[in-house]
Amino acid sequence: MSLRDYRKMRDFAKTAEPRGGKRAAARARRFVVQEHDATQLHYDFRLEHDGVLKSWAVPKGPSLDPSVKRLAVQVEDHPIEYGGFEGVIPKGEYGGGTVMLWDRGTWEPEASNADVGRALRAGRMKFQLHGARLKGGWFLVRTRYDKGGKKPSWLLMKERDRYAKTGEAEGVTARYARSVTTRRTMKGIAG
Ligand code: MN
Numbered sequence: 037m038s039l040r041d042y043r044k045m046r047d048f049a050k051t052a053e054p055r056g057g058k059r060a061a062a063r064a065r066r067f068v069v070q071e072h073d074a075t076q077l078h079y080d081f082r083l084e085h086d087g088v089l090k091s092w093a094v095p096k097g098p099s100l101d102p103s104v105k106r107l108a109v110q111v112e113d114h115p116i117e118y119g120g121f122e123g124v125i126p127k128g129e130y131g132g133g134t135v136m137l138w139d140r141g142t143w144e145p146e147a148s149n150a151d152v153g154r155a156l157r158a159g160r161m162k163f164q165l166h167g168a169r170l171k172g173g174w175f176l177v178r179t180r181y182d183k184g185g186k187k188p189s190w191l192l193m194k195e196r197d198r199y200a201k202t203g204e205a206e207g208v209t210a211r212y213a214r215s216v217t218t219r220r221t222m223k224g225i226a227g
């Protein structure tokens, strides 16, 4: 799903989410995780590629435990500027609810899948995250296409490395309950 889909799904007269301009020029790849308290709380995992943010909705959020596989439903590409969005999407609008910038930084594909477009098409990508909260090696593996191929299912998994945490009682999403940029809580953003 493209940026055109992104725009079709939203009324920019009503929501403060960015409309998005032209595709951004190539440079360091950004990544962002946004906690989104919509109909169901989820974490939006976004990787910059080819001038847009490739996007997955992760209902349970990322886990640092390599034995934990987290469902990540691929959704429409978002504009690069969305990576700076924190605020409230009005009730009744698409994705209505509070959005918090939970983590951000840069990412890079492993040398074995340096051709990111090809890795995404193949449905298997290994990459490094350089965030404030998420670091080290990660995998995204596609497990299923939906009918029509619009919302494929992937799994998001942590690699076993020095940033992994096996069997932690409290997940990384619970450990960090505040915005990575403004230090606000979800309540603070909503109010
Ligand atoms: Mn969302």
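The opening position of the sequence shown corresponds to residue 37 in the numbering used here, with each subsequent residue numbered one higher.
Virtual Cβ for every residue (Gly too), placed ideally from N, Cα, C.
{"Query": "Tell me which same chain residues have a C-beta within less than 6 Å of the C-beta of Arg-196, skipping the five on either side of it?", "Result": "Pro-102"}
{"Query": "Which residues in the same chain have their Cβ closer than 7 Å to the Cβ of Gly-159, if we skip the five residues on either side of it in sequence?", "Result": "Val-177 and Arg-178"}
{"Query": "Quick test of the definition: if touching needs 3 or more C-beta pairs under 8 Å, does the stretch 157–171 touch the stretch 86–97?", "Result": "no"}
{"Query": "CB Val-104 to CB Ser-189, shorter than 8 Å?", "Result": "no"}
{"Query": "Mapping DSSP to helix, strand and coil, what is Arg-106?", "Result": "strand"}
{"Query": "Give me the residue from Gly-141, Lys-194, Thr-134 and Ala-147 with the minimum Cα distance to Tyr-79.", "Result": "Thr-134"}
{"Query": "Pull up the distance between the alpha-carbon of Arg-220 and that of Pro-115, whole angstroms please.", "Result": "24 Å"}
{"Query": "If I measure Cβ to Cβ from Thr-51 and keep anything under 7 Å in the same chain, skipping five residues before and after, which residues do I get?", "Result": "Ile-125, Pro-126 and Glu-129"}
{"Query": "If I measure Cβ to Cβ from Phe-175 and keep anything under 6 Å in the same chain, skipping five residues before and after, which residues do I get?", "Result": "Lys-162 and Met-193"}
{"Query": "With the cut-off set at 8 Å, would you say Thr-142 and Phe-67 are in Cβ contact?", "Result": "yes"}
{"Query": "Run through the stretch 102–183 for me and flag every whole beta strand (DSSP E) of 3 or more residues, listed as ranges in chain order.", "Result": "106–115, 123–125, 133–145, 160–167 and 171–180"}
{"Query": "So, are the CB atoms of Gly-97 and Ile-225 less than 8 Å apart?", "Result": "no"}
{"Query": "For Asp-47, which three-state DSSP category applies?", "Result": "coil"}
{"Query": "Just how far apart, CA to CA, sit Arg-211 and Ala-64?", "Result": "28 Å"}
{"Query": "Where do the N-terminal and C-terminal ends of the beta strand (DSSP E) with Ala-200 fall, by residue?", "Result": "Premise fails: Ala-200 is in no beta strand (DSSP E) and is neither H nor E."}
{"Query": "Could you please go through the chain and list the residues whose beta-carbon is closer than 6 Å to any non-hydrogen atom of the ligand MN?", "Result": "His-72, Ala-74, His-78, Asp-80, Ala-93 and Gly-131"}
{"Query": "What residue from Gln-76, Leu-100 and Pro-54 has the CA that sits closest to Gly-203's CA?", "Result": "Leu-100"}
{"Query": "Starting from Leu-89, follow its DSSP beta bridges and name the residues at the other end.", "Result": "Glu-84 and His-114"}
{"Query": "Among all the DSSP beta bridges, which residues are the ones paired with Ser-38?", "Result": "In DSSP, Ser-38 forms no bridge with anything."}
{"Query": "Does the separation of the CB atoms of Val-88 and Met-37 fall below 8 Å?", "Result": "no"}
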